[in-house]
Amino acid sequence: MSGQVILIEAMALAQTDEDALELIVRQNARLVYRIAFSVLRNHHDAEDATQETFLRALRYRRKLAGVHDPRTWLAKIAWRIAVGKKGKTLDSGPEDADGVISQLRSKNDAADEEVLAAEMSRLLQNLITRLPKKLREPLILSTLEEISTLDIAETLGISEAAVRSRLFRARQILRERLEALTEGKI
Amino acid sequence: MKFEDKHIDDERLDELLKKYGEAEPRTGLEGRILASLAAERGRCTAPGWRWQLMVAVVAFGIAAGIGLFVVRTTRKPSVIEVRETSNANAGAIKQSAMSSRKPEIQATQTYRRKPQKKESHPLAEPRLEQFPSPAPLNEQEELLARYVSERPREAVLVAKARAELLKQDLARFLEPPSSEQVEDLQ
Chain F
1 MSGQVILIEA
11 MALAQTDEDA
21 LELIVRQNAR
31 LVYRIAFSVL
41 RNHHDAEDAT
51 QETFLRALRY
61 RRKLAGVHDP
71 RTWLAKIAWR
81 IAVGKKGKTL
91 DSGPEDADGV
101 ISQLRSKNDA
111 ADEEVLAAEM
121 SRLLQNLITR
131 LPKKLREPLI
141 LSTLEEISTL
151 DIAETLGISE
161 AAVRSRLFRA
171 RQILRERLEA
181 LTEGKI
Chain P
1001 MKFEDKHIDD
1011 ERLDELLKKY
1021 GEAEPRTGLE
1031 GRILASLAAE
1041 RGRCTAPGWR
1051 WQLMVAVVAF
1061 GIAAGIGLFV
1071 VRTTRKPSVI
1081 EVRETSNANA
1091 GAIKQSAMSS
1101 RKPEIQATQT
1111 YRRKPQKKES
1121 HPLAEPRLEQ
1131 FPSPAPLNEQ
1141 EELLARYVSE
1151 RPREAVLVAK
1161 ARAELLKQDL
1171 ARFLEPPSSE
1181 QVEDLQ
């Protein structure tokens, strides 16, 4: 029995709307937060977006009864809110990748794994931000382990096949750029 | 993780993306969300000040409407009254052309009403209690009035004598001229 089915059954057992909503919060708060963070890359903003997602769910709780999968429904709301909050900054130019690479090289001497990982994450974020929106969005969602390809497709409103092809292309571009950066071609 | 690893295979990319997507909310996120939901729900259900404000605004609007209606309905008859009075007095005014307050009566006779202008500014015109409006007494009239109030008997006698004289003058004027007078004129 999947988690989704358990959630739906638990909702059916819940006596009131309030109980159902509380259950949904407890089951999905972490997922919603992680979706928001994957877009916003800031804990404070991600928490704000999470709160807003559940407030919106409260406002439209009557629709919840007709929702097939509340988890995907919430994921979609969270995604829209996060993208809306990010707004233009998501499409704005990333910080200089060369600067990050030079920092990586200098820190490589110290062999500080943690700092290296953090810097690598920054570099990756930089490269992901440079990706076209069509490729970037499924890739960001795919980094969340709780979300399947089908969920991504439903959240973005595209087909599962499109998600797969876009993910493949995005990963290919990322790999090439990372290799080029580490070889010093860029 | 070594930065010198230039070849980025799928496994390595997965590892990097997984780290990119890792984000844990601060502890107590669910509690905070539930608290904000409870606050929002309370705001929605409580008889808030918005309702009171709305009721007050509606009541004020109704009162203003009634007030305006009453003012308009009371203004219209007064205008009609003025017109009727002016028409009724027109004959009397013409007949009393010989009285001492000639200039005032003439002004009343030449009074021209502009209905459109009056309707557009109904409140600009002062309401008349008496028509025609009484003009202030001139110096001679004031002296006469004082004399009448101080010595009413004598005033009556003077008035009678004056009336007698006027009658005689009028009779003399209406008399057919004598043959002598006709000859004088010729």
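If you read the protein sequences in the order shown, they are chains F and P. Take 1 as the starting number for the first sequence in the numbering used here and just add one per residue. Take 1001 as the starting number for the second sequence in the numbering used here and just add one per residue. For glycine and all other residues, C-beta sits at the position ideal for the given N, C-alpha and C. Keep in mind the model is a prediction, meaning the values are calculated, not measured.
What residue does the alpha helix (DSSP H) around residue i start on, and which one ends it?
| i | result |
| --- | --- |
| H44(F) | 43-59 |
| N1138(P) | Counting along the chain, N1138(P) falls outside any alpha helix (DSSP H), and DSSP gives it neither H nor E. |
| P1176(P) | P1176(P) -> no alpha helix (DSSP H), and no H or E assigned at all. |
| Q125(F) | 113-130 |
| R166(F) | 160-183 |
| I77(F) | 70-86 |
| S142(F) | 133-142 |
| R1012(P) | 1010-1021 |
| I147(F) | Unbroken run through I147(F): none, as it is neither H nor E. |
Could you compute how far the alpha carbon of residue i sits from the alpha carbon of residue j?
| i | j | result |
| --- | --- | --- |
| L31(F) | E179(F) | 31 Å |
| E1180(P) | A1171(P) | 18 Å |
| E1040(P) | V1055(P) | 23 Å |
| P1134(P) | L1053(P) | 51 Å |
| L174(F) | S142(F) | 14 Å |
| S92(F) | N126(F) | Model confidence at S92(F) stands at a pLDDT of 46, short of 50, so the residue's coordinates are unreliable; what they give is reported in the following sentence. Going by the C-alpha atoms only, they are around 11 Å apart. |
| A57(F) | R71(F) | 11 Å |
| R130(F) | L1037(P) | 37 Å |
| E1028(P) | L156(F) | Checking the sequence, you will find Gly at residue 1028(P) rather than Glu. So the alpha carbons of these two residues sit roughly 29 Å apart. |
| L55(F) | I77(F) | 11 Å |
| F1003(P) | A117(F) | Since pLDDT at F1003(P) reaches only 46, below the 50 mark, its modelled position is unreliable, and the value read off the structure follows with that caveat. Using only the alpha carbons, I get a separation of about 10 Å. |
| L1137(P) | G1061(P) | 48 Å |
| K63(F) | G1065(P) | 41 Å |
| R59(F) | T1074(P) | 51 Å |
| M1(F) | R1050(P) | Here the model assigns M1(F) a pLDDT of 44, short of 50, so the residue's position is not dependable and the matter cannot be decided. |
| R1146(P) | A1163(P) | 20 Å |
| S121(F) | E1022(P) | 10 Å |
| A1059(P) | F1069(P) | 15 Å |
| T182(F) | I128(F) | 16 Å |
| P1025(P) | E145(F) | 15 Å |
| E1175(P) | V1156(P) | 28 Å |
| E176(F) | L40(F) | 25 Å |
| Q1168(P) | D1184(P) | 23 Å |
Kindly list, in the order they appear in chain F, the residues whose Cβ is closer than 7 Å to that of residue i.
| i | result |
| --- | --- |
| G1008(P) | The amino acid occupying residue 1008(P) in the given sequence is Ile; Gly does not appear at that position. Those within 7 Å of I1008(P) in chain F are R175, L178, E179. |
| E1030(P) | V25, R26, A29 |
| L1016(P) | M120, L124 |
Can you list the residues of chain P that residue i reaches, using a CB-CB cut of under 7 Å?
| i | result |
| --- | --- |
| E22(F) | L1034 |
| L144(F) | G1021 |
| R171(F) | L1013 |
| F54(F) | I1033, L1037 |
| T155(F) | Chain P residues near T155(F): none, gap ~15 Å exceeds 7 Å. |
Output, in chain order, the set of chain F residues within a Cβ distance shorter than 8 Å of residue i.
| i | result |
| --- | --- |
| R1041(P) | E18, L58 |
| R1026(P) | H43, E47 |
Check the Cβ of residue i against every Cβ in chain P and list those closer than 8 Å, keeping chain order.
| i | result |
| --- | --- |
| S159(F) | Neighbours of S159(F) on chain P: none; closest Cβ ~22 Å, over 8 Å. |
| G149(F) | Checking the displayed sequence, the identity of residue 149(F) turns out to be Thr instead of Gly. The premise fails here: T149(F) is roughly 14 Å from chain P at the closest Cβ pair, so nothing lies under 8 Å. |
| T50(F) | P1025, L1029, I1033 |
Rounded to the nearest angstrom, how far is the Cβ of residue i from that of residue j, given a contact under 8 Å?
| i | j | result |
| --- | --- | --- |
| W79(F) | I24(F) | Between I24(F) and W79(F) the Cβ distance is about 16 Å, and since that is not below 8 Å, they are no contact. |
| L74(F) | N28(F) | 5 Å |
| L1013(P) | R171(F) | 6 Å |
| S138(F) | I152(F) | According to the sequence displayed, residue 138(F) carries Pro and not Ser. Yes, P138(F) and I152(F) are in contact; Cβ-Cβ is about 5 Å, under 8 Å. |
| I158(F) | S38(F) | So it is not a contact: roughly 18 Å between Cβ atoms. |
Note down, in chain order, every chain P residue with its Cβ under 9 Å from the Cβ of residue i.
| i | result |
| --- | --- |
| S38(F) | Y1020, G1021, A1023 |
| R80(F) | The premise fails here: R80(F) is roughly 18 Å from chain P at the closest Cβ pair, so nothing lies under 9 Å. |
| R34(F) | G1021, E1022, A1023, E1024, P1025 |
For the pair the stretch 47-67 of chain F and the stretch 160-176 of chain F, tell me if three or more CB-CB distances fall below 8 Å. These segments do not touch.
Tell me which residues of the stretch 113-129 of chain F have at least one Cβ-Cβ distance to chain C shorter than 8 Å, keeping chain order. Here chain C cannot be found, since the structure's protein chains are F and P.
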